[in-house]
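Step one of this worksheet: look at the structure below.
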Amino acid sequence: MFVLVFIAASGSFKYIMIGQITDSMLGHLQVHKRGYVASIDSLPLTLNLSAKAEGKLEKAMKTIPEIEAFSPRVKFGGMFSNFVETTNIRVNGVYPEKEIATVPLFLSRIKQGEKTIKKGEILIPELLANGLKVKAGDTVVVIATNRDGSVNGKQFVVGGIIESVTGPGGRDGYMHIEDAMEVLRLEEMEISEVAVRLKDFSKLNAVSNRLDEMMSKELNKKGQPVFDVRTWEKLSPFYNVARMIDVMTFFIKLMLIAIVLVSIMNVMIMAVFERIREIGTISAIGTKPKKILSLFLIEGFSLGVFGAVVGNILAIVIVFLINLVKITFNFGRQSGLVLSPSLNTGDILLISAIVIVVSVVAALQPAFKASKMEPVEALRHI
Amino acid sequence: MSLVNAKNLTKIYRMGEIEVEALKSVSFGIEAASFISFIGPSGSGKTTLLNLIGCLDKPTSGTLKVADISTSDLTRKEAAVFRGKNLGFIFQDFNLIPVLTVYENVEYPLLMVQNVPAEERKSRVISLLKTVGMIDQKNKFPDQISGGQKQRVAVARALVTNPRLVLADEPTANLDSKTAFMVIDIMRQMKEEFGVTFIFSTHDPKIVSEVEAVYTLQDGMLIGRSPEEGGRHV
Chain A
0 MFVLVFIAAS GSFKYIMIGQ ITDSMLGHLQ VHKRGYVASI DSLPLTLNLS AKAEGKLEKA
60 MKTIPEIEAF SPRVKFGGMF SNFVETTNIR VNGVYPEKEI ATVPLFLSRI KQGEKTIKKG
120 EILIPELLAN GLKVKAGDTV VVIATNRDGS VNGKQFVVGG IIESVTGPGG RDGYMHIEDA
180 MEVLRLEEME ISEVAVRLKD FSKLNAVSNR LDEMMSKELN KKGQPVFDVR TWEKLSPFYN
240 VARMIDVMTF FIKLMLIAIV LVSIMNVMIM AVFERIREIG TISAIGTKPK KILSLFLIEG
300 FSLGVFGAVV GNILAIVIVF LINLVKITFN FGRQSGLVLS PSLNTGDILL ISAIVIVVSV
360 VAALQPAFKA SKMEPVEALR HI
Chain B
0 MSLVNAKNLT KIYRMGEIEV EALKSVSFGI EAASFISFIG PSGSGKTTLL NLIGCLDKPT
60 SGTLKVADIS TSDLTRKEAA VFRGKNLGFI FQDFNLIPVL TVYENVEYPL LMVQNVPAEE
120 RKSRVISLLK TVGMIDQKNK FPDQISGGQK QRVAVARALV TNPRLVLADE PTANLDSKTA
180 FMVIDIMRQM KEEFGVTFIF STHDPKIVSE VEAVYTLQDG MLIGRSPEEG GRHV
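Line by line, the protein sequences are chains A and B.
So in numbering that gives the first Met the number 0, the last spot in the first sequence is 381, and the numbers never skip.
So in numbering that gives the first Met the number 0, the last spot in the second sequence is 233, and the numbers never skip.
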């Protein structure tokens, strides 16, 4: 019961956490030009995908039915000024509809202003808004170094203040992709990354592998693959936290095995000890040693089945109650996230199988001892 | 022809460096369909002898044949099979299985030892429970019936497999006189009806007065038989 409840609760926590990361900013997977991710801190304009390459990618993605949405992004680093003070900013140029479809929690991050990105407007991170004392409706300037080394700037109206997913120190702002092209003086569309959302998160690795296989056929002049497909796991340090939960769950299962083994073995040892005379009697009247062995193994098996059934029922009831009570927790800048544990059939069957198998194994030694008892010795037992 | 034949039967128990000679070169023959008893004081070797005849233990030396089978040659599994087919046991403390009903206790050997089909099991169990007068208590558990009733159930269990030989170790020790006579009477009826040989180990003069022959043991030795071979016990 405890293992199932832990798996359900920790699983819910893990998937909410992953959802916060993928649905707020990252997407389920991303595609870049090969080499971009290694230099992502500097947001290199020289490693953007050309319009032609992006077109090939879009065409390939449209053949994968598991892909729900994708959002091309132009990313660049620049300076942000309120005409009094200046600081640096990381800008994401996006198509608003595509961005919202790909990362549905994007709009919930907008704390001030309208929940959209209009041309001529910029969503600025909370850090910059507080630091430069800027609010929605204010006019600001964004200046960026273009690929040819020249510098360009453009005025924007602050459309809203956006929370950072990575914490208050985030410097990511958002503008319309066409505005970004204008700031960077791009004559043709160039894309820094494409974020992708899947219909079914459980198919992440399968879709990632398929897309990677398709795009790996696109080679540059040096004969190297153009595209780099990565799942969110390879893009976010929070993957380690998710893995920690998986490791903890594994060790909890190991503990379960140990507890069941010791408990059942203890019960069976006592069962044999308390029934020594009975064992002597049934042996005396002709019960074969193998039959005695099987009697105690069946007893261990029955204990395991009973324990598994009762444990499953209790786990289902507790998970139901947890969902009823609506326990909330905070993660990152998100508060009031509701824990919604659920049990899947696979986990129930696996845990039940572990309990039953370990119960039989635990009953082996006492069962062997019972079957090997000499009836004359057992009958003398008081 | 003897159902049980012992020649120079010896059993020595070794407890560390101490050796206890529980039986010293005992020889006897018991015919089929007999109703006989071994008597003697505590420590005379009665229970040891019954354990040897019952294939629950093996002699240290000598030969012992039960139903023409040399019991010392049997493996544990073969001894269990032999007991299941040929022997019945009645214990001083009844030794009924507490979690089984009266019916299930009597049914146990047919189900778990001889694998008898359900219909036949039912008819044999019901018949024996009627014979021992326990049919009305068939759904009760051992802790719900008296000592005498428990022993009657034990008699039924011992006979349900149609054994050739029933070994009863102090079967009336925990019973009052009236119940003891009732149980002995039932066993004699079983002997008359089924031709089963009964061998008792007992101090109880009530049994001694009912048997056909009495073998007397003392300090592990067979010191007498009453009546003498060919004679009649009075």
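Heads up, the beta-carbon is just placed ideally off N, CA and C, and yes, glycines get one too.
Keep in mind that this is a model prediction, so the values were computed, not measured.
Exercise. Looking only at C-alpha atoms, which of A:S282, A:F200, A:I321 and A:Q364 sits nearest to I96 of chain B?
Worked result: Of the listed residues, the one whose Cα sits closest to I96 of chain B is A:S282.
Exercise. What did DSSP end up calling Y94 of chain A once you bin it into helix, strand or coil?
Worked result: Note: Y94 of chain A maps to coil in three-state DSSP.
Problem set entry | For T138 of chain A, the residue or residues it bridges with in DSSP | Beta-bridge partners assigned by DSSP to T138 of chain A: A:V156.
Exercise. Under 8 Å between the Cβ atoms of T171 of chain B and K205 of chain B?
Worked result: Yes, these two residues count as a Cβ contact at 8 Å.
Exercise. Are the CB atoms of P53 of chain B and R82 of chain B nearer to each other than 8 Å?
Worked result: Reading off the sequence, residue 53 of chain B comes out as Gly, not Pro. Against a cut-off of 8 Å, the Cβ pair of R82 of chain B and G53 of chain B comes out as a contact.
Exercise. Measuring CB to CB, does A377 of chain A end up less than 8 Å from I291 of chain A?
Worked result: Going by C-beta atoms, A377 of chain A is not nearer than 8 Å to I291 of chain A.
Exercise. Under the rule that 16 or more other beta-carbon atoms within 10 Å means buried, what is G229 of chain B, buried or exposed?
Worked result: Interpretation of G229 of chain B is limited by its pLDDT of 41, a score under 50 that renders its predicted location unreliable; no figure is taken from the coordinates.
Exercise. Cβ of E277 of chain A less than 8 Å from any chain B Cβ?
Worked result: At least one chain B Cβ lies under 8 Å of E277 of chain A.
Problem set entry | V233 of chain B versus S225 of chain B - alpha carbon distance | Because the pLDDT at V233 of chain B is just 40, under 50, the model does not fix this residue reliably, and the point stays unresolved.
Exercise. Bridge partners of E234 of chain B, per DSSP?
Worked result: Any question about residue 234 of chain B goes unanswered here, given that chain B covers just 0 to 233.
Exercise. How about the stretch 193–203 of chain A and the stretch 62–70 of chain A: do they share at least three Cβ pairs that are nearer than 8 Å?
Worked result: As far as the Cβ criterion goes, the stretch 193–203 of chain A touches the stretch 62–70 of chain A, which means the pair count is three or higher.
For this session: Within 10 angstroms of the Cβ of R123 of chain B, are there 16 or more other Cβ atoms? Answer buried if so, exposed if not.
Result: R123 of chain B counts as buried, since no fewer than 16 other beta carbons sit within 10 angstroms of its beta carbon.
Problem set entry | Through-space distance from F319 of chain A to I121 of chain A, alpha-carbon basis | Separation of I121 of chain A and F319 of chain A (C-alpha to C-alpha, rounded to the nearest whole angstrom) is 44 Å.
Problem set entry | chain B contacts made by the stretch 285–296 of chain A, where a contact means CB separation under 7 Å | Residues G285, T286, K287, P288 and K290.
Exercise. Relative to the alpha-carbon of D178 of chain A, which residue among A:S49, A:G119 and A:D245 has its alpha-carbon at the smallest distance?
Worked result: Per the Cα distances, A:G119.
Exercise. What in chain B is Cβ-close to V417 of chain A, meaning under 8 Å?
Worked result: The requested residue 417 of chain A does not occur in the structure, where chain A is confined to residues 0 to 381.
Problem set entry | For K325 of chain A and N337 of chain A, believed in contact at Cβ under 8 Å, the rounded distance | One point to set straight first is that residue 337 of chain A is Val, not Asn, in the sequence displayed. That pair is a contact at about 5 Å.
For this session: Decide if the stretch 88–104 of chain B is in contact with the stretch 170–187 of chain B; the criterion is three or more beta carbon pairs, one per stretch, under 8 Å apart.
Result: Contact holds: three or more Cβ-Cβ distances are below 8 Å.
Problem set entry | Same chain, Cβ closer than 7 Å to G130 of chain A, five either side skipped, listed in chain order | Non-local beta-carbon contacts of G130 of chain A in its own chain, meaning distances under 7 Å to residues more than five positions away in sequence, involve T86 in chain order.
Exercise. So is S282 of chain A in contact with chain B if we call contact Cβ pairs under 8 Å?
Worked result: It does; some Cβ of chain B falls within 8 Å.
For this session: Please decide whether K149 of chain B counts as near chain A, where near means a Cβ-Cβ distance under 8 Å.
Result: So, not an interface residue.
Exercise. What did DSSP end up calling M269 of chain A once you bin it into helix, strand or coil?
Worked result: Note: M269 of chain A maps to helix in three-state DSSP.
Exercise. Candidates A:A352, A:I99 and A:S207: which alpha carbon is nearest G306 of chain A's?
Worked result: The residue with the shortest Cα to Cα distance from G306 of chain A is A:A352.
Exercise. In chain A, which residues lie less than 8 Å from R82 of chain B when you measure between Cβ atoms?
Worked result: Per Cβ cutoff of 8 Å: A283, I284 and G285.
Exercise. Are three or more beta carbon pairs between the stretch 145–154 of chain A and the stretch 101–115 of chain A nearer than 8 Å?
Worked result: No, the stretch 145–154 of chain A is not in contact with the stretch 101–115 of chain A.
Exercise. On the three-state DSSP scale, how would you describe Y12 of chain B?
Worked result: Per DSSP, reduced to three states, the secondary structure at Y12 of chain B is strand.
Problem set entry | Partners in chain A for A79 of chain B, counting only beta-carbon separations shorter than 8 Å | Near A79 of chain B (Cβ distances below 8 Å), the residues of chain A are S282, G285, T286, K287 and P288.
For this session: Using a threshold of 8 Å, state whether the C-beta atoms of M400 of chain A and A361 of chain A are closer than that.
Result: One cannot answer for residue 400 of chain A here, as it falls past the ends of chain A, which runs 0 to 381.
For this session: Please report the residue range of the beta strand (DSSP E) in which K198 of chain A lies.
Result: First-last for K198 of chain A: undefined, no H or E at that position.
For this session: Below 8 Å on the Cβ atoms is my guess for V140 of chain A versus S80 of chain A; work out the distance and round it to an integer in Å.
Result: 5 Å between Cβ atoms; contact.
Exercise. If you scan the stretch 189–247 of chain A from start to end, which runs of the beta strand (DSSP E) of 3 or more residues do you find wholly inside it?
Worked result: Within the stretch 189–247 of chain A, the complete beta strand (DSSP E) segments at least 3 residues long are 192–197 and 226–230, listed from N- to C-terminus.
Problem set entry | Assigned exposure category for L46 of chain A - 16 Cβ within 10 Å defines buried | Flag for L46 of chain A reads buried.
Exercise. Would you call Q29 of chain A buried or exposed, if buried means 16 or more other Cβ atoms sit within 10 Å of its Cβ?
Worked result: Answer is buried; the Cβ neighbour count reaches 16.
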